[in-house]
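Data block below; observations after.
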């Protein structure tokens with residue numbers, strides 16, 4: 001399977017990762033190689049096989065609906081690129 | 096001092112023949128002397144190490160000490176360590192000082208183990224050579240031209256070179272066992288869910304599993320005792336009664352049925368590696384085990400299945416790195432989308448970006464059934480192969496990797512060839528089974544490991560088999576000449 005520029009742009013948007021114009025061909029080639037590896041799955045007969053999400057087929061554990069986390073926003077925001085008054089700052093979204 | 100077993104160190108510490116401060120300083124001195132060349136540590140924490148060693152000496156003096164108290168440890172740089180840079184060997188987290196401890200770090204702190212530092216790895220644990228680290232590749236102590244394996248390559252290298260007596264690792268597709276094999280040390284990946292994932296930077300959550308990396312199986316058993324156990328902060332932590340992983344060390348191997356899968360000795364396996372592995376199995380036979388042939392017919396489907404599922408999970412897990420809350424942010428973003436996209440493209444390395452993109456694609460509309468769902472079905476088929484094989488044997492033995500350590504730079508241009516080299520370790524992660532790599536010999540002066548895989552919760556058995564093998568062999572005690 002060979003990906004083109006359109007697909008790379010689409011994947012770049014899905015992954016929220018910028019791909020520079022001069023990188024497109026190389027990214028397309030390496031991703032195409034990986035997709036070729038995926039193609040090997042097609043030959044396998046999976047009729048009647050259930051998908052497996054957890055090795056021990058466990059389901060999510062439940063817990064009581066009570067607050068367990070303490071407020072440590074000051075500590076956690078001290079490592080943010082930009083924060084003020086308990087808020088994370090990003091470029092203006094709404095004019 | 097670095098040639099002692101953990102048991103001997105522990106005895107000397109308890110007898111007061113050495114102090115934890117002396118032992119810790121010994122390792123810090125060795126790190127200063129050797130690590131500039133090896134590049135096995137991302138961060139060394141001498142002040143923290145000595146302060147913790149002083150606390151450990153107090154515990155030893157007051158009689159509150161356990162078996163591991165006072166013995167220093169190196170943490171893979173994927174374990175959040177309060178107040179210490181936790182980079183995951185990525186530019187994205189180069190400025191990240193973890194605000195809390197991973198559960199494993201907490202457990203080993205409680206045990207009184209001073210932290211020497213954080214070890215190098217493939218960026219975000221995505222790789223098999225430790226070459227994708229933002230901080231440059233780690234060298235294999237046995238041969239500086241060779242990779243140490245990955246992703247826990249720094250951890251394996253520090254054990255092999257005697258720059259730490261014990262190290263933590265994580266294994267998503269072989270990342271404990273393959274570097275253990277390449278560096279001639281012992282490393283066990285426990286059953287999925289045995290060790291809490293809390294505070295481990297997530298790669299592929301349904302595979303990620305932490306484990307010990309040490310010289311011997313006995314050392315690993317002791318360390319796993321301190322690492323494992325239920326933790327409510329990990330939603331997939333298993334609720335089981337506490338296990339003593341050292342309990343079975345000393346059991347005879349008489350009557351043990353060893354399954355040897357024909358599929359693991361086929362095309363692609365280096366003939367010299369095969370000879371080492373077959374010799375090791377013959378040695379286990381001499382100890383009273385019986386070899387039976389088993390089959391894992393879907394072996395070849397494991398690699399493609401894994402490289403759909405793990406990147407799919409990674410694309411979701413790594414969406415948290417957005418340049419907003421922590422980690423790297425690009426300069427002068429022109430709008431919010433630009434902030435996200437450029438922070439991620441500048442902060443992540445090439446392999447991480449590839450896996451996120453492939454994962455996002457595999458999960459996208461129109462491809463979900465063909466890729467993700469299909470891969471999950473294959474995952475069950477691979478698991479069922481093992482279930483069936485274990486009907487006629489107690490454990491499975493085979494190679495860890497098809498070759499000994501390859502050269503630095505040899506595979507960096509061809510990611511898929513690197514993926515295919517994980518063919519013996521990945522099925523074990525898909526199935527969630529425990530597996531161990533045990534030093535078993537050398538090929539061209541580079542170490543080779545024996546891979547032992549058991550049914551769920553058979554860690555005590557695997558550790559005992561490795562321990563019995565290590566009673567009659569000395570591969571695990573050997574060190575590269577320049578580090579002795």
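Residue numbers (the working numbering), protein chains in the order written: chain A, 1 to 95; chain B, 96 to 579.
Where is the CB? At the ideal position from N, CA and C, for every residue including glycine.
Treat the numbers as computed from the prediction; the structure is a model and nothing was measured.
- For the segment 402-425 of chain B, residues whose beta-carbon sits nearer than 7 Å to a beta-carbon of chain A comprise 402, 403, 410, 418, 419, 420, 421, 424.
- Residue 562 (chain B) sits buried, since 16 or more C-beta atoms from the chains shown fall within 10 Å of its C-beta.
- Excluding five sequence positions before and after residue 8 (chain A), the CB atoms of its chain that fall closer than 8 Å to its own CB belong to 19, 24, 27, 28, 31, given in chain order.
- According to DSSP, residue pairing for residue 365 (chain B) in a beta bridge does not occur.
- If you draw a 10 Å sphere on the C-beta of residue 471 (chain B), you find 16 or more other C-beta atoms in it, and that means buried.
- Look at residue 177 (chain B) here: in three-state DSSP terms it is coil, with no helix or strand label.
- Membership of residue 439 (chain B) in the alpha helix (DSSP H) is indicated by the continuous run 431-442.
- Here the alpha carbon of residue 354 (chain B) sits roughly 10 Å from the alpha carbon of residue 547 (chain B).
- Residues of chain A whose Cβ lies closer than 8 Å to the Cβ of residue 563 (chain B) do not exist, since the nearest Cβ in that chain is about 27 Å away.
- Following the DSSP letters along the chain, one finds residue 251 (chain B) inside the alpha helix (DSSP H) bounded by residues 248-255.
- Interface with chain A (8 Å Cβ-Cβ cutoff): residue 471 (chain B) is included.
- If you draw a 10 Å sphere on the C-beta of residue 73 (chain A), you find fewer than 16 other C-beta atoms in it, and that means exposed.
- Taking the CA atoms as reference points, residue 11 (chain A) sits about 42 Å from residue 490 (chain B).
- In the three-state reduction of the DSSP assignment, residue 462 (chain B) falls in the coil class.
- Annotated as distal: residue 443 (chain B) and residue 216 (chain B), with beta-carbon spacing of 8 Å or more.
- Between residue 121 (chain B) and the set B:417, B:414, B:141, B:102, the nearest pair of CA atoms involves B:141.
- Residue 274 (chain B) is positioned such that its CB atom lies no closer than 8 Å to that of residue 211 (chain B).
- Taking all protein chains shown into account, residue 475 (chain B) has 16 or more neighbouring C-beta atoms within 10 Å of its C-beta and is therefore buried.
- In the structure shown, residue 326 (chain B) adopts coil according to DSSP, grouped into three states.
- Taking a beta-carbon distance threshold of 8 Å, residue 529 (chain B) does not count as an interface residue toward chain A.
- Across the set B:147, B:269, B:279, the C-alpha of B:279 shows the shortest separation from the C-alpha of residue 535 (chain B).
- In this structure, the alpha-carbon of residue 421 (chain B) lies about 11 Å from that of residue 438 (chain B).
- A Cβ-Cβ separation of about 39 Å leaves residue 133 (chain B) out of contact with residue 41 (chain A) under the 8 Å criterion.
- The beta carbons of residue 224 (chain B) and residue 245 (chain B) sit about 5 Å from each other, so the pair counts as a contact at 8 Å.
- By the C-beta criterion, the segment 411-418 of chain B is judged not to be in contact with the segment 377-388 of chain B, since fewer than 3 inter-stretch pairs fall below 8 Å.
- By the rule that beta-carbons nearer than 8 Å mark a contact, residue 463 (chain B) does not touch chain A.
- Residues of chain A with a Cβ closer than 9 Å to the Cβ of residue 483 (chain B) do not exist, since the nearest Cβ in that chain sits about 14 Å away.
- Put simply, the segment 164-181 of chain B does not touch the segment 52-64 of chain A. Fewer than three CB pairs are less than 8 Å apart.
- Using beta-carbon distances, residue 56 (chain A) counts as an interface residue toward chain B, with a partner under 8 Å.
- Only residues of its own chain outside the window of five on either side were considered, and among them 315, 318, 319 have a CB closer than 6 Å to the CB of residue 307 (chain B), listed in chain order.
- With a cutoff of 8 Å on beta-carbon distance, residue 256 (chain B) and residue 285 (chain B) are scored as not near each other.
- One Cα belongs to residue 325 (chain B), the other to residue 58 (chain A), and the distance between them is close to 15 Å.
- Here the segment 185-201 of chain B makes no contact with the segment 112-132 of chain B; the two share fewer than three CB pairs at distances below 8 Å.
- It is roughly 25 Å from the alpha-carbon of residue 303 (chain B) to the alpha-carbon of residue 33 (chain A).
- For the C-beta of residue 550 (chain B), not a single chain A residue is nearer than 9 Å; the gap to the nearest is close to 12 Å.
- With a threshold of 8 Å between beta carbons, residue 325 (chain B) makes no contact with chain A.
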